[in-house]
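Comments concern the structure below.
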Amino acid sequence: MAEDAELIAYRKLVAALPDLLSPEARQPICDWLIERQVMRDGQEDPGAVIVEGLETELAIAETFRKIVDSLECRPR
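Basically our numbering = 1-based index in the sequence shown + 691.
Here it is, written out as structure tokens:
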């Protein structure tokens, strides 16, 4: 139950960030997220990577991508 409340609190914080921070203040957060929205596996060919066992890492990267979209991040 406490984990659910913590997750809800984090979601609310992320949702509030566009209204709390100027675009300039958001940029360092955006830069950090942009670097992490694609899972880095060291492979040149994405089709050559076996994703079995990487579901959590892929889900984290996808969540970062969603946050990038919600913050309207632009790469530098």
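We put the beta carbon where it would ideally sit given N, CA and C, even for glycine.
To the nearest angstrom, how far is it from the Cα of residue i to the Cα of residue j?
i, j, result
"GLU715", "ARG756", "19 Å"
"PRO709", "LEU724", "14 Å"
"ALA752", "LEU745", "11 Å"
"THR754", "GLN728", "7 Å"
Just to confirm the assignment, what range does the alpha helix (DSSP H) spanning residue i have?
i, result
"ARG727", "714-727"
"ARG756", "746-761"
"PRO709", "693-711"
Between residue i and residue j, is the Cβ-Cβ spacing less than 8 Å?
i, j, result
"ARG717", "LEU762", "yes"
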